[in-house]
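Student:
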Amino acid sequence: SFSRNCLLARRMIERGVRFVNIYHASWDHHSELDSELRFTSRMADRPLAALIKDLKQRGLLDSTLIVFAGEFGRTPLGENRGPNAKYHNTGRDHHPFAFTILLAGGGIKGGQVIGQTDEIGWNVTQDPVHINDLHATLLHLFGLDHLKLTYRFQGRDYRLTDVGGKLVTQMLA
Numbered sequence: 015s016f017s018r019n020c021l022l023a024r025r026m027i028e029r030g031v032r033f034v035n036i037y038h039a040s041w042d043h044h045s046e047l048d049s050e051l052r053f054t055s056r057m058a059d060r061p062l063a064a065l066i067k068d069l070k071q072r073g074l075l076d077s078t079l080i081v082f083a084g085e086f087g088r089t090p091l092g093e094n095r096g097p098n099a100k101y102h103n104t105g106r107d108h109h110p111f112a113f114t115i116l117l118a119g120g121g122i123k124g125g126q127v128i129g130q131t132d133e134i135g136w137n138v139t140q141d142p143v144h145i146n147d148l149h150a151t152l153l154h155l156f157g158l159d160h161l162k163l164t165y166r167f168q169g170r171d172y173r174l175t176d177v178g179g180k181l182v183t184q185m186l187a
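For the sequence shown, my numbering gives the first residue as 15, with consecutive numbering after it.
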């Protein structure tokens with residue numbers, strides 16, 4: 015379970031493991047949104063909060079960066095995939111334009127929301143954070159200069175954060 019994985023992650027961090035990746039069940043709710051989202055959220059909310067609290071109590075949160083994210087958001091509007099029984103109930107589709115990521119510890123200034131969407135949550139209207147900017151900021155928190163970190167592909171050097179990546183300084187403590 016995700017709870018057990020959070021506990022295991024804390025124990026690994028206590029023993030000096032430098033990178034821990036834990037996985038949570040799918041948030042891919044194309045159907046049965048009302049029951050599935052409630053169930054999935056219950057499986058994640060308390061364990062994640064407990065992990066953050068445990069790390070803080072042990073003095074480990076400041077040196078541990080927690081990133082709770084998926085690869086995209088969900089549309090703010092419901093979808094109905096038709097009469098097929100499996101997809102009959104309303105869900106949400108993939109939405110790459112506006113989504114949420116939780117960051118905690120490890121140099122992050124907590125207690126804030128960065129960015130804003132329109133009234134239905136479809137488009138970003140204020141303080142957009144591009145994925146390259148997020149990568150630049152995470153690399154900075156790891157002590158790496160994203161401007162100097164490159165990889166070679168087909169004879170050319172590329173930055174992980176492309177040409178437009180910049181630090182999101184308001185995230186930093």
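For glycine and all other residues, C-beta sits at the position ideal for the given N, C-alpha and C.
So, using beta-carbon positions, are isoleucine 80 and glycine 119 closer together than 8 Å?
Tutor: Stepping through the sequence shown from its first residue, residue 80 is reached at position 66. Stepping through the sequence shown from its first residue, residue 119 is reached at position 105. Against a cut-off of 8 Å, the Cβ pair of glycine 119 and isoleucine 80 comes out as a contact.
Student: Below 8 Å between beta carbons: does that hold for leucine 153 and leucine 186?
Tutor: Locating residue 153 in the sequence shown gives position 139, where the first residue counts as 1. Locating residue 186 in the sequence shown gives position 172, where the first residue counts as 1. No, the Cβ-Cβ distance between leucine 153 and leucine 186 is not below 8 Å.
Student: Quick one, are the C-beta atoms of isoleucine 134 and glutamine 184 less than 8 Å apart?
Tutor: In the sequence shown, counting from the first residue as 1, residue 134 sits at position 120. In the sequence shown, counting from the first residue as 1, residue 184 sits at position 170. No, Cβ-Cβ distance for isoleucine 134 and glutamine 184 is not below 8 Å.
Student: Report the option in Tyr37, Ile122, Ser49, Leu47 whose CA atom is closest to the CA atom of glutamate 85.
Tutor: For the purposes of this step, residue 85 is identified with residue 71 of the sequence shown, where counting begins at 1. Comparing Cα-Cα distances from glutamate 85 to each of Tyr37, Ile122, Ser49, Leu47, the minimum goes to Tyr37.
Student: For arginine 18, which of Leu47, Ala64, His44 has the nearest alpha-carbon?
Tutor: As a position in the sequence shown, residue 18 is number 4, starting the count at 1. Checking every option, the nearest Cα to that of arginine 18 belongs to Ala64.
Student: Taking the beta carbon of alanine 83 as the centre, do at least 16 other beta carbons fall within 10 Å, making it buried, or is it exposed?
Tutor: Within the sequence shown, the letter at position 69 stands for residue 83. By the 10 Å Cβ count, alanine 83 comes out exposed.
Student: Quick one, are the C-beta atoms of histidine 44 and leucine 51 less than 8 Å apart?
Tutor: In the sequence shown, counting from the first residue as 1, residue 44 sits at position 30. In the sequence shown, counting from the first residue as 1, residue 51 sits at position 37. In this structure, leucine 51 does not lie closer than 8 Å to histidine 44 by Cβ.
Student: For the stretch 122-187, which segments carrying the beta strand (DSSP E) assignment without a break, of at least 3 residues, lie completely within its bounds, in sequence order?
Tutor: Runs found: 138-140, 164-167, 170-173.
Student: For proline 110, is the classification buried or exposed, using 16 other Cβ atoms within 10 angstroms of its Cβ as the cut-off for buried?
Tutor: Taking the first residue of the sequence shown as 1, we reach residue 110 at position 96. That one is exposed.
Student: Does the beta-carbon distance from leucine 47 to glycine 92 come in below 8 Å?
Tutor: Stepping through the sequence shown from its first residue, residue 47 is reached at position 33. Stepping through the sequence shown from its first residue, residue 92 is reached at position 78. Yes, Cβ-Cβ distance for leucine 47 and glycine 92 is below 8 Å.
Student: Taking buried to mean at least 16 other C-beta atoms within 10 Å of its own C-beta, is isoleucine 115 buried or exposed?
Tutor: What you label residue 115 is simply residue 101 of the sequence shown in a count that begins at 1. Isoleucine 115 comes out exposed.
Student: Per DSSP, what are the beta-bridge partners of leucine 116 in this structure?
Tutor: For the purposes of this step, residue 116 is taken as the residue at position 102 of the sequence shown. Note: leucine 116 sits in a beta bridge opposite Phe82.
Student: Let's see if you can read the secondary structure: which residues bound the alpha helix (DSSP H) around serine 45?
Tutor: Walking along the sequence shown from the start, residue 45 turns up at place 31. Segment: none, serine 45 is in no alpha helix (DSSP H) and carries neither H nor E.
Student: If we define contact as Cβ-Cβ less than 8 Å, is serine 40 a contact residue for chain C?
Tutor: Any reference to chain C falls outside this structure, which holds one protein chain only.
Student: Where does arginine 88 fall in DSSP's three states?
Tutor: Start at 1 with the first residue of the sequence shown, and residue 88 comes out as number 74. Note: arginine 88 maps to strand in three-state DSSP.
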